[in-house]
Amino acid sequence: MSVIAPNFKFSKFIQSLISDVVWFVLIFSLIGFPIIMMVLFFIPMPVIDGELLTPFLAFTYLADPTRTLPIVQSFMMTDMFKIMAFPGFGFAALLAAGTIFVERKMLAKLQLRVGPFYCGKFEGILQLMGDGLKLISKEIIIPAKADKPIFWAAPVLFVASAAAFVALIPVAPGWVVADVDLGLLAVFAVIGFFPIVTILSAWSANSKFPFIGGIRALFQMVSFEIPLILSLLGVVMVTGSLNLSEIAASQSSFPWILFLPVGAIVFFITMLAELERIPFDLPEAESEIVAGWLTELSGMMYGLVQLGTYLKLYAFAALFTVLFLGGWNGPMIVPQFPMELVTEGIPLGPITAKIGGLEPLLTELITPEMINGVLMFVLKTVGVIFFILLPRGVFPRIRVDMLLNLGWHKLIGLAFVNIFIALALVYAGVLGPGGLQ
Amino acid sequence: MTNEFLPPGLALQKADERIMTLNVGPQHPGSGHMRIIVQIDGDYIVACDPDPGYVHRGEEKMAEYRNYITNIPHLERPVIHDSCNVLYPYVLGVEDLLGIEVPERAKYVRVICSELNRCIYTMYWLAIYGIFLGHSTMFMWPAGDRELLIDLMEKISGARVTHAHFVPGGVRNDLPPNFEEVCLRQVNYFEKRIREYAAVFYDNPILISRTQDTGVLSREDAIRLGVTGSVLRASGVDYDLRKKEPYDVYEELDVHSNVMKEGDSYARSKIPWLDMLESCNIIKQALEKMPKSGSVRVKLKPNPKGKGFNSVYKRVESGRGSLGCHIVSDGKVEPYRLKLSVGSFRNLIALPYLLKGEKLGNMPSVYWSLNYWPVEADR
C-alpha cells in the first residue's frame, strides 16, 4: 500500500509467532497456571468414578478430554463465567476492542489515510494493545486541589456502570448475566448513573475546563434521557413486558422497527447523544474546552474511561438490537452438528478417534441454535455500531443550544408520536394479544 | 491592595462571582500560538482579550542587519505556507529601490507561484478550521490535497515550504521542462477536489446552522476596524488588491474578486474557498498567456545598495489580506528600516468585538474564520 511500509509476508508472520512461543509459555506458567488453580477452587466439582474431584486431581485430568470436558461444561454454567467471559464483560470488551479498531480503519479510509499500520504486522491490528500498554505505563498525575478520593473513584465507577449495563443484555436464549424481570427499568437506572459519575469526576478535578465539560455532559445526558425513556415505551406497550429476554423472544416473526420506526430513530439519536459521539461530542469538544471532563485524567484513569465509553457503546448498540431488531432471532444459517461423528467417533484408518465428554456439551450447552443466535446478535449489533461510528466522518460538532433545542422540542414530540402509533397498533388489534405475534 | 499602589494605567477590578475567566492558550488545542483571555458568564462570553506575542521573532530588526539578498530566506518565515506571498512586497520594493526592470516571463512565474502558495496556505487554514469545528474529515482532506500543489512548488523551487524563490530582479530559477502540462493537470484535479468539499463541508446543514449569524461584522464596522482580505470581502466590501492596485501582470489577467454580504462566520469561511477556485482560474490564464521562453532573472551586482536616503512601500494581496512592506534605505547594503504590515494583525483586532455576547461554543469558529495566522501577527 505505502512505499515506506514493509509488505506483509505470511511466512514472516508465522516465524515471528514461533519466536514468541517462549514468551507465551513463560507468561502462562507464571500467570495462567495460578489463575487456573484459583478458578478451579470456585467451581462446584463433579463426582467422577465415585470420588469428588479436587483441583489438584483436576490437573491430572487435563490430558484426558473425557474427564476435562465435564469440568469445562460445569465451569461454563457458573455465574462467574457468565459475568467475566461470555455474555458479560469479556465478550463485550472483545467487541469493544474490535469497534475501536474498525472505527480507526474505517475513518482512515473515509479520510484517504492509512490508519494504524505498523503495530502487529497486519494492518496495525495490535495498535490497541500498544495504546493500552502506553496508558498503563504512564504516570498518573492528580491535580493538587482535586478532591482525591472521588477523583480516583470516578473512572472505576464509570467502568462499573458500563459493565452493569452490559450484564443486562441477553445475547442468546438463556445467555444473559442478570435476567431481571424489570430489565428495561434496570437499564434506565444504570443509564441514570452515567451523568452522576461524569459530574463527580469533572467537579472533583477542581479545574475549569473539566467543570465546563461536566456541566455540558450533565445538560446533554439529562435532557436526552427523557426522550430516550419515552421512545422505548412504545416497545413496552406492544410487548407487554419489561424483561429484555421476553422482548427479544417476542420478535421471532418480525422486528419492532417495522412497526415503530419513529421510536427507533428517536432512540438512535438519543443514543448518539448519551454516548457523546460526534455530532454530540460537546462534553469533549477539544477546540473549545480541551478535552472536556477528561482533561485532568491521565494514564490508566483515562484508559479506564475510554474502556467504559466503548463498553457503553456496545451496550447501547446491543440494546437497540434487542429492542428493535429482534435480538438473537433470525434465519437459521448454522448447520446441525454431525452428531454421529461425536457419538460413534471418526474413523481414521485402523483406529477410531472418539472424544467422550463432547456429547453432553454439544447437546446441552453449545447448541446450533445458541451459536446461530449469538451470530445473529453480533451481526446486528455490529451493523448498529457501524451506523453509530459513521457520523464521525461526516458531521461537525453542534452547539449546546442547538442540542437542547433538539432534545426538548423535537425528540420528545417525536417520542410521543411513537407512543400514539404503538397505542393505535395495540387498540386496532394489529399487535399485542390476539394480533400478529 | 488599592489602586494607588499599582503602576499608572492599571486598575483593580471588582471580582464578579458569576464570571469565570478562561485562559484559552497558549497551550490549548483551539488557540494557535497565542492566548485568548475569555470571560464567560454561563455559556456567554462577556469579554475577550486576545494576547498575541508568543512567537515574536524580531523579523524587522533582523532585516536591518542583513543585505537585500540575505534578507530573503528569513523574511518568509512568518508564514512558511505562504512564503511567496510574504516575500512578494519585499521583492517589489527592493526592485523599486534599486531600479530593476523585471523580465516578462518572470512576472508570470511569480503570479503562478503566488497563486499556488495562496492555495497551499488556504488549504492549511481550511484544515484547521475543519478540526476547530470537530469535523475530522475536513482536517484530513485539505491536508492531503495540499500535497498536489506542494509537489508543484517543489518542482519549481526545490523546496516543499520556505521556497525563497522570489529574488529582486525576477525569480531564482526558470520553470522545469514540461511544467505547463503537469501544472495544468494537477490544478484541474485540485479544482475538482475542492469543489467536492462543498458536499461534505460547506453545504452541511449542521455547519451552516452553527456558523450562520454568528460573529457578524457589519460593512461599516469592517471598514472602521480596518480588517483586510477575505474578512473585508465577506462583509460586502469589494476590495481586492489584485484588482484595485494590480502589481506585476495581474492587470492583464481576468481576476474576479469574491464578495459576500452577510459578514458572519460562514461567509468569512467560504470566501477563502471561493478564492482558491479563483486562484485555479488565474493559474490557468497565466499558463496560457506566459511567454514560452526568455530570461527569468536580471543579474544583480554583488551587495546591491539603495540609492541615497529614500523609502518605498509596496503591498500585495496575500492569503490573509493586504500585506505591505515598507523599506527605508540610507544608501548602504542593508535596509535602514523594514516594516511588515500584515493582514493577520489587522484581522485580529476585530476578535474582541465579534466575540462579545457570543456563546463559548462559537469561539473557535469565529476566531479561526478571521483568517488569522498567529506567527505572522507577531512577526
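Order-wise, the sequence lines are chains A and B. Counted the way the working numbering counts, the first sequence spans residues 4 to 440. Counted the way the working numbering counts, the second sequence spans residues 8 to 386. Just so you know, even glycine gets a beta-carbon here, dropped at the ideal spot from N, CA and C. Computed from a predicted model, the values in this text were never measured in an experiment.
{"Item": "For LYS299/B, three-class secondary structure by DSSP", "Value": "coil"}
{"Item": "The segment 200-207 of chain A / the segment 399-414 of chain A touching (three or more Cβ pairs under 8 Å)", "Value": "no"}
{"Item": "CB contact check: MET4/A to chain B, cutoff 8 Å", "Value": "Here the model assigns MET4/A a pLDDT of 44, short of 50, so the residue's position is not dependable and the matter cannot be decided."}
{"Item": "For LEU72/A, the nearest candidate out of ILE424/A, ALA425/A, ILE391/A and GLU362/A (CA to CA)", "Value": "GLU362/A"}
{"Item": "Strand pairing of PHE173/B, partner residues [DSSP]", "Value": "VAL178/B"}
{"Item": "Straight-line Cα distance separating ASP245/B from GLU299/A", "Value": "47 Å"}
{"Item": "Cβ distance (whole Å) where HIS88/B is taken to contact TYR131/B below 8 Å", "Value": "5 Å"}
{"Item": "Cα-Cα separation, GLY93/A to LEU406/A", "Value": "34 Å"}
{"Item": "Chain B within 8 Å of LYS211/A, Cβ atoms only", "Value": "yes"}
{"Item": "Chain B contact for ILE145/A (CB, 8 Å cutoff)", "Value": "no"}
{"Item": "is_contact[ILE281/A, chain B] using C-beta, thresh 8 Å", "Value": "yes"}
{"Item": "Simplified DSSP state of SER5/A, which is helix, strand or coil", "Value": "With a pLDDT of only 49 at SER5/A, under 50, the local geometry of the prediction cannot be trusted, and the value read off the model is given with reservation. Reduced to three states, the DSSP call for SER5/A is coil."}
{"Item": "Per DSSP, cross-strand counterpart(s) of SER90/B", "Value": "For SER90/B, which the question treats as bridged, DSSP gives no partner whatsoever."}
{"Item": "Option in TYR128/B, SER276/B and LYS251/B with minimal Cα separation from LEU377/B", "Value": "SER276/B"}
{"Item": "ARG322/B in three-state terms, based on DSSP", "Value": "strand"}
{"Item": "8 Å Cβ shell around TYR313/A - same chain, five flanking residues per side excluded", "Value": "ALA99, ALA100, THR102 and ILE103"}
{"Item": "Endpoints, alpha helix (DSSP H) assigned at PRO146/A", "Value": "Counting along the chain, PRO146/A falls outside any alpha helix (DSSP H), and DSSP gives it neither H nor E."}
{"Item": "is_contact[MET41/B, chain A] using C-beta, thresh 8 Å", "Value": "no"}
{"Item": "Near-chain A residues of the segment 198-209 of chain B - C-beta to any C-beta below 9 Å", "Value": "VAL207 and PHE208"}
{"Item": "Residue span of the beta strand (DSSP E) that contains THR366/A, given as start and end", "Value": "Careful: THR366/A lies outside any beta strand (DSSP E) and carries neither H nor E."}
{"Item": "Where TYR343/B sits in the DSSP three-state scheme", "Value": "strand"}
{"Item": "Inter-residue Cα distance where the pair is LEU19/B and GLU11/B", "Value": "10 Å"}
{"Item": "Buried/exposed call for PRO15/B, threshold 16 Cβ in 10 Å", "Value": "exposed"}
{"Item": "Span separating the alpha-carbon of PHE283/A from that of PHE139/B", "Value": "15 Å"}
{"Item": "C-beta contact flag for ILE369/A and PHE327/A at 8 Å", "Value": "no"}
{"Item": "LYS366/B in three-state terms, based on DSSP", "Value": "strand"}
{"Item": "Burial state of TRP280/B (16 or more Cβ within 10 Å)", "Value": "buried"}
{"Item": "Three-way DSSP call (helix, strand, coil) for GLY53/A in this model", "Value": "coil"}
{"Item": "Where the alpha helix (DSSP H) containing GLN193/B begins and where it ends", "Value": "186-204"}
{"Item": "GLU383/B to VAL93/B span [Cα, whole Å]", "Value": "9 Å"}
{"Item": "Whole-angstrom distance between VAL397/A and GLU387/B, CA atom to CA atom", "Value": "Not covered by the structure: residue 387/B. The range shown for chain B is 8 to 386."}
{"Item": "Cβ neighbour criterion (16 or more within 10 Å) applied to SER255/A", "Value": "exposed"}
{"Item": "Reduced DSSP secondary structure (H/G/I, E/B, other) of SER143/B", "Value": "coil"}
{"Item": "Min CB distance SER121/B to chain A below 8 Å", "Value": "no"}
{"Item": "Contact with chain A by ASP58/B, beta-carbon distance below 8 Å", "Value": "no"}
{"Item": "Any non-hydrogen atom of the ligand NAP closer than 7 Å to LEU263/A Cβ", "Value": "Looking for the ligand NAP in the displayed structure turns up nothing, as the structure carries no ligands at all."}
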